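Visitor: Below: one structure in structure tokens.
Number of protein chains: 2
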Amino acid sequence: MSAARGPGTGDDARWTAAAVALSERGRGRTTPNPNVGCLIVKDGRVVGRGWTQPGGRPHAEAMALEQAGAAAEGATVYVTLEPCAHESPRGPACADLLIRARPARIVAALTDPDPRTAGKGFARLREAGIAVTEGVSADLARRAMAGFLTRQALGRPHVTLKLATSLDGRIALPSGESRWITGAEARAHGHLERARADAILVGRGTFEADAPRLDVRLAGLEDRSPARFVLSRRSCGGRSPSSDGSASGTSLEMDPCLRRGDDWGWLDSHQAISSLPANHLLIEGGAGAASAFLAADLVDRLLLYRAPILIGDGRACIGDIGLGSLADAHGCWALTDARSLGTDRLEIYERKR
Amino acid sequence: MSAARGPGTGDDARWTAAAVALSERGRGRTTPNPNVGCLIVKDGRVVGRGWTQPGGRPHAEAMALEQAGAAAEGATVYVTLEPCAHESPRGPACADLLIRARPARIVAALTDPDPRTAGKGFARLREAGIAVTEGVSADLARRAMAGFLTRQALGRPHVTLKLATSLDGRIALPSGESRWITGAEARAHGHLERARADAILVGRGTFEADAPRLDVRLAGLEDRSPARFVLSRRSCGGRSPSSDGSASGTSLEMDPCLRRGDDWGWLDSHQAISSLPANHLLIEGGAGAASAFLAADLVDRLLLYRAPILIGDGRACIGDIGLGSLADAHGCWALTDARSLGTDRLEIYERKR
Chain X
1 MSAARGPGTG DDARWTAAAV ALSERGRGRT TPNPNVGCLI VKDGRVVGRG
51 WTQPGGRPHA EAMALEQAGA AAEGATVYVT LEPCAHESPR GPACADLLIR
101 ARPARIVAAL TDPDPRTAGK GFARLREAGI AVTEGVSADL ARRAMAGFLT
151 RQALGRPHVT LKLATSLDGR IALPSGESRW ITGAEARAHG HLERARADAI
201 LVGRGTFEAD APRLDVRLAG LEDRSPARFV LSRRSCGGRS PSSDGSASGT
251 SLEMDPCLRR GDDWGWLDSH QAISSLPANH LLIEGGAGAA SAFLAADLVD
301 RLLLYRAPIL IGDGRACIGD IGLGSLADAH GCWALTDARS LGTDRLEIYE
351 RKR
Chain W
1 MSAARGPGTG DDARWTAAAV ALSERGRGRT TPNPNVGCLI VKDGRVVGRG
51 WTQPGGRPHA EAMALEQAGA AAEGATVYVT LEPCAHESPR GPACADLLIR
101 ARPARIVAAL TDPDPRTAGK GFARLREAGI AVTEGVSADL ARRAMAGFLT
151 RQALGRPHVT LKLATSLDGR IALPSGESRW ITGAEARAHG HLERARADAI
201 LVGRGTFEAD APRLDVRLAG LEDRSPARFV LSRRSCGGRS PSSDGSASGT
251 SLEMDPCLRR GDDWGWLDSH QAISSLPANH LLIEGGAGAA SAFLAADLVD
301 RLLLYRAPIL IGDGRACIGD IGLGSLADAH GCWALTDARS LGTDRLEIYE
351 RKR
């Protein structure tokens, strides 16, 4: 522990990484706000911890400062995103709260891309005589807040596609038998990923065939079940020409919106996906929904659960994604994590371009 | 190095593992003999090294003893398989050679399953006053000599199936475009695996469409290209009832034997595969040949090269393998190795049952 008490860069990285871990507690519940984590450290001891609360308020800094009380004075505040500089009807600006609490130093991972803050938070803190270090553990923070950052940059949720396949990429036998390909550990991890999403989406075929619950069945996380949406079947693999020819103009074609008497939502257009009240969207199947999102270049992260089995003839995990040549397929995905879950393997790929 | 000079079990394991590494030099070239490795160590120094030579003779022990000369007296001989007890027109029994050389001790990984030796080698050495330790690094040795051991146990070569796919299990676009899915490093590793096989087999479709060279194009290993065989197309996925209902009775149905004017051989029956002059057989594609061997339960090891790309609609890596239910698919394969090759991943699975 003594090493953690020094003021060096190694400590900054370690404490900021701890703040990122705290930020994960809010993931999937803070839309439209970012899920931020904050840690206040004084003389090598943590005196306050905070993370964005469900619904987006209180902010992480407000929660940590509340915990720290007078101990925040002269302390170091580790935070995963630039403290907000704008007041809102829902609460004061975090920059102002921090200036009032008089910490000696702020260490932050990322600048807030929200134009209402975008550097103004840091500037105001520095003007108040507080030392500010930026960019520490930025990659970790970017991953944890991918939803908020994608929405700021592209105007849509960060999209994770989950595939659970055999070694040969099948998700079912020709008969449709699909329970189970992966084992209990992999399925539990899938539930954890649900808890990290604000919204979950399946294709109409999966919805009608399996009537999936899509809830989080993990002890202690039952209240983390995401909002559920269905993609119209007619849209699967659909691709419409973009008005300006740019990649961001790619859209999903969908049936007119349908609504049912239960708590499912139906998505009917690219606009609907953009306006989905979700920073993190998880696509859970089937092949039609997966292909539609891939063809529209709307997948940012791939969760690939694979069981050590071979199926041969059967149902493919994805269908037509509009690939013209192998050259177009390369360079899109980078493996960023891999682990064993029982006898299954999980690989996580992230979009490269 | 000092630790390696003691007489402990740790040293036995380390030296025997080194003998296994030597044995790999003969792999793919010793049929019908096992590819054995041998190391003679005296006072912590290696005084002789040997591995089964191309064609199966000289044996590893004979080569190592020749190198050691008089230094073998009082030394420890590490060998991956029980020294043979039977004389042959091609040379004397290794047990006799060893007795003549008077080492103090023999450390061996495996007992020879060949009924002509099967314990007689160890017995003769012990009778001659040489201490014998058995079973050291047995798993490593079993993997290195899988071909010989499979032939002894099942009367057929050890079969490795190579698959090179996208993340979704495709080996080509709908157009047939398949060059390249995996990158240069993965393809080089594939050539190394060719060098470790005595024989290589493709399906008739692959043979006729691609006219693959199937040689080893790695500097220094050009002479290690395996014998090449073609499986008749009509057999793909074929399964014939076994006469006695046992798994070993499963066979491949093939067209009558065809012979061409080049150096390719055509396999026409299960008997032909059993009588193939090969300890290690590598199946390189396409989906038909892969499916035929899987359906006949003739695959012992799976080399799965995967590129970080998604193809969607396209050609599957395997077709019908006669799977009746998901339950039958489970419990067959264990992941035994995994590594990165450039941006591709290689996973090696081995048969569990």
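Here the protein sequences come in this chain order: X and W. FYI, the numbering for the first sequence is 1 to 353, going by full-length UniProt numbering. FYI, the numbering for the second sequence is 1 to 353, going by full-length UniProt numbering. Idealized CB from N, CA, C, for every residue including glycine. Being a predicted model, the structure only gives us computed values, none of them experimental.
1) So what does DSSP say about Leu-323 (chain X), is it helix, strand or coil?
2) When you compare only the Cα positions, how much space is there between Glu-24 (chain W) and Arg-196 (chain W)?
3) Does the beta-carbon of Leu-282 (chain W), which I'm using as the reference point, lie nearer than 7 angstroms to any heavy atom of the ligand GTP?
4) When we look at the beta-carbon of Arg-260 (chain X) and count the other beta-carbons within 10 Å, is it buried (16 or more) or exposed?
5) Counting only beta-carbon atoms, is Ala-296 (chain W) nearer than 8 angstroms to chain X?
6) Checking contacts by CB at 8 angstroms: is Leu-303 (chain W) closer than that to chain X?
7) Taking the beta carbon of Thr-336 (chain W) as the centre, do at least 16 other beta carbons fall within 10 Å, making it buried, or is it exposed?
8) In the DSSP output, what is Glu-208 (chain W) paired with across the bridge?
9) Compare the beta carbon distance of Leu-303 (chain W) and Glu-185 (chain W) with 8 angstroms and say whether it is the shorter of the two.
10) Check the Cβ of Leu-167 (chain X) against every Cβ in chain W and list those closer than 7 angstroms, keeping chain order.
11) Can you give me, in chain order, the residues of the UniProt domain "CMP/dCMP-type deaminase" (10 to 133) of chain X that have a beta carbon less than 9 angstroms from any beta carbon in chain W?
12) Taking three-plus beta-carbon pairs below 8 angstroms as touching, is the region 117 to 125 of chain X in contact with the region 94 to 106 of chain X?
13) Okay, do the region 72 to 84 of chain W and the region 25 to 42 of chain W touch, 3+ Cβ pairs below 8 angstroms being the bar?
14) Distance cutoff 8 angstroms, beta carbons only. Does Ile-200 (chain W) sit that close to anything in chain X?
15) With a threshold of 16 other CB atoms inside 10 Å of the CB of Arg-170 (chain W), please say whether the residue is buried or exposed.
16) Within a Cβ cutoff of 7 angstroms, which residues of the same chain sit near Leu-221 (chain X), ignoring the five residues on either side of it in sequence?
17) On the CB-based measure, 16 or more other CB atoms within 10 Å of its CB, does Lys-352 (chain W) come out buried or exposed?
18) By how many angstroms is the C-alpha of Asp-11 (chain X) removed from the C-alpha of Ser-137 (chain X)?
19) When the cut-off is 8 angstroms and only beta carbons count, does Asp-320 (chain W) lie next to chain X?
20) Taking the Cβ atom as the reference point for each residue, do Val-46 (chain W) and Ala-71 (chain W) lie within a distance shorter than 8 angstroms?
21) If contact is defined by three or more beta carbon pairs under 8 angstroms, each pair taking one atom from either stretch, is the region 331 to 348 of chain W in contact with the region 294 to 310 of chain W?
22) Could you say if the region 270 to 280 of chain X and the region 140 to 160 of chain X meet the contact criterion of at least three C-beta pairs nearer than 8 angstroms?
23) Whose C-alpha, out of W:Gln-67, W:Asp-210, W:Val-20, is nearest the C-alpha of Gly-286 (chain W)?
24) Work out the CA separation of Ile-130 (chain W) and Leu-22 (chain W) for me, nearest whole Å.
25) Less than 8 angstroms between CB atoms is the rule here; does Gly-220 (chain W) satisfy it with respect to chain X?
26) Provide the residue span of the beta strand (DSSP E) that contains Thr-133 (chain W), from first to last.
27) Among the residues of its own chain, which have a CB less than 8 angstroms from the CB of Ala-13 (chain X), if the five just before and after it don't count?
28) Got a sec, what are the start and stop residues for the beta strand (DSSP E) Cys-38 (chain W) sits in?
29) Please list, in chain order, the chain W residues whose beta carbon lies closer than 9 angstroms to that of Ala-334 (chain X).
30) Please go through the same chain and pick out, in chain order, the residues whose beta-carbon is closer than 6 angstroms to the beta-carbon of Asp-328 (chain W), but skip the five residues on each side of it.
31) Would you mind sorting Glu-87 (chain W) into buried or exposed? The rule is 16 or more other CB atoms within 10 Å of its CB.
32) Going straight from the alpha carbon of Gly-288 (chain W) to that of Ser-340 (chain W), what length do you get?
33) Count the CB pairs spanning the region 138 to 150 of chain W and the region 170 to 180 of chain W that are closer than 8 angstroms, and state whether there are at least three.
34) Taking CB distances under 8 angstroms as the criterion, tell me whether Gly-312 (chain X) reaches chain W.
35) Measure the C-alpha to C-alpha separation of Leu-161 (chain W) and Arg-90 (chain W) and round it to an integer number of angstroms.
36) Figure out for me which residue from X:Ala-17, X:Trp-180, X:Gly-176, X:Met-63 has the closest Cα to the Cα of Gly-205 (chain X).
Guide: Checking against the coordinates, here is how it stands:
1) coil
2) 8 angstroms
3) As far as ligands go, the structure on display features none, and thus does not contain the ligand GTP.
4) Note that Arg-260 (chain X) scores 44 on pLDDT, short of 50, meaning its location in the model is unreliable; the coordinates nonetheless yield the value given after this. Exposed is the call here.
5) No, Ala-296 (chain W) does not count as interfacial toward chain X.
6) no
7) So Thr-336 (chain W) ends up on the exposed side.
8) DSSP lists no partner for Glu-208 (chain W).
9) Their beta carbons are not under 8 angstroms apart, which means Leu-303 (chain W) does not touch Glu-185 (chain W) by this criterion.
10) Leu-304
11) none
12) yes
13) yes
14) Chain X, which has no Cβ nearer than 8 angstroms to the Cβ of Ile-200 (chain W), makes this no.
15) Counting Cβ neighbours within 10 Å, Arg-170 (chain W) comes out buried, since at least 16 surround it.
16) Ala-195
17) exposed
18) Near 11 angstroms, if we compare the C-alpha coordinates of Asp-11 (chain X) and Ser-137 (chain X).
19) yes
20) no
21) yes
22) Enough Cβ pairs lie closer than 8 angstroms, so yes.
23) W:Asp-210
24) Whole-angstrom Cα-Cα distance: 23 angstroms.
25) no
26) 131 to 133
27) Val-136, Ser-137
28) 37 to 42
29) Pro-308, Thr-343
30) none
31) exposed
32) 27 angstroms
33) Contact between the region 138 to 150 of chain W and the region 170 to 180 of chain W is not established, with fewer than three Cβ pairs separated by less than 8 angstroms.
34) yes
35) For Leu-161 (chain W) and Arg-90 (chain W), the gap between their C-alpha atoms comes out near 34 angstroms.
36) X:Gly-176
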